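With the sequence shown counted from 1, adding 3 to any position gets you my numbering.
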Amino acid sequence: MAEYKILNFDCEEDLSKYKESLLFDAGESVAGMTIEFKNGFVCEAELAVRGDVRIALYDSEEGYVRYTQDYSPELRTAIENGEWDKIDIGNNNWFEMLYTLKDAKGNEIASDGDVYEEDISKHSPETLKESMLDYSECFAKYYIDKDKNKEALDISKGE
4 MAEYKILNFD CEEDLSKYKE SLLFDAGESV AGMTIEFKNG FVCEAELAVR
54 GDVRIALYDS EEGYVRYTQD YSPELRTAIE NGEWDKIDIG NNNWFEMLYT
104 LKDAKGNEIA SDGDVYEEDI SKHSPETLKE SMLDYSECFA KYYIDKDKNK
154 EALDISKGE
């Protein structure tokens, strides 16, 4: 019998556009996953863009912008090409794994997040799913162990 079951996983087929978080607005979701562990504990995970942007080109009179829809073609190109010496970043954003862990009764045990430092653009949906599962298992195990609910989670096997 499996020790966890992936209830759902959702992401785009082509992840190549997720090379740089500055190309996306805060709140945009990259992928989502729900995992049910033995005894009914559930971990909901989302990989999303977090943080507010304030960005401009150094040699531009356009001033700072906050939303990708307001990026000039020159600013977007500089970001895509990694030309950081041309860009004034007042505030940055990042990719983050957000977690919520609930017990079998649906009571929230913990909610947290971690900066996601892997290059999402190099993932396939399957490898991103595996990565998110690894992050989620570590998160769930930590909080379940912390709450002395070790019997609720054995993540050594899964499907």
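Every residue gets a Cβ at the ideal spot worked out from N, C-alpha and C, and that includes glycine.
Quick caveat: nothing in here was measured; it's all calculated off a predicted structure.
Could you check where the beta strand (DSSP E) with residue i kicks off and where it finishes?
i	result
Glu31	First-last for Glu31: undefined, no H or E at that position.
Ala59	Arg57 to Leu60
Thr103	Trp97 to Lys105
Ile92	Ile90 to Asn94
Can you tell which of the options has the C-alpha that lies nearest to the C-alpha of residue i?
i	options	result
Glu111	Gln72, Trp97, Pro128 and Phe44	Phe44
Asn84	Leu131, Ile9 and Lys20	Lys20
Ser114	Leu10, Asp122 and Leu104	Leu104
Val118	Ser139, Lys144, Glu65 and Thr80	Ser139
Ile14	Asp88, Glu86 and Ser124	One detail in the question is off: residue 14 reads as Cys in this sequence, not Ile. Of Asp88, Glu86 and Ser124, the residue nearest in Cα terms is Ser124.
Lys41	Glu6, Ala29 and Leu131	Glu6
Leu101	Asp88, Val33, His126 and Asp73	Val33
Phe142	Glu47, Asp17, Glu31 and Leu25	Glu47
Phe12	Tyr146, Lys144, Arg53 and Leu131	Leu131
Ala107	Ile147, Gly30 and Leu18	Ile147
Leu25	Asp17, Ser127 and Arg79	Arg79
Glu16	Glu129, Gly109 and Glu49	Glu129
Once the 5 residues before and after residue i are set aside, which same chain residues still bring their CB inside 8 Å of it?
i	result
Tyr67	Arg57, Ile58, Ala59, Asp91 and Gly93
Glu77	Leu60 and Ser63
Leu136	Ile9, Met36, Ile38 and Gly161
Glu23	Ile82, Glu83 and Gly85
Lys89	Leu60, Tyr61, Asp62 and Ala81
Glu121	Ser134
Gly116	Arg53, Glu99, Met100, Leu101 and Tyr102
Ala191	No answer is possible for residue 191: the residues shown for the chain start at 4 and end at 162.
Using C-beta distances below 6 Å, list every residue in its chain close to residue i, excluding the 5 sequence neighbours before and after it, in chain order.
i	result
Ser159	Low per-residue confidence applies at Ser159: pLDDT is 43, beneath 50, and the placement is therefore not dependable, though the value from the model is reported in the following sentence. The answer is none, since no qualifying residue turns up.
Asp28	Tyr70 and Thr71
Which residue or residues does DSSP assign as beta-bridge partners of residue i?
i	result
Asp117	Met100
Lys2	Residue 2 is absent from the model: the chain starts at 4 and stops at 162.
Met36	Phe12 and Ala48
Tyr7	Phe40
Arg53	Trp97
If you follow the alpha helix (DSSP H) that residue i is part of, which residue opens it and which one closes it?
i	result
Ile82	Pro76 to Glu83
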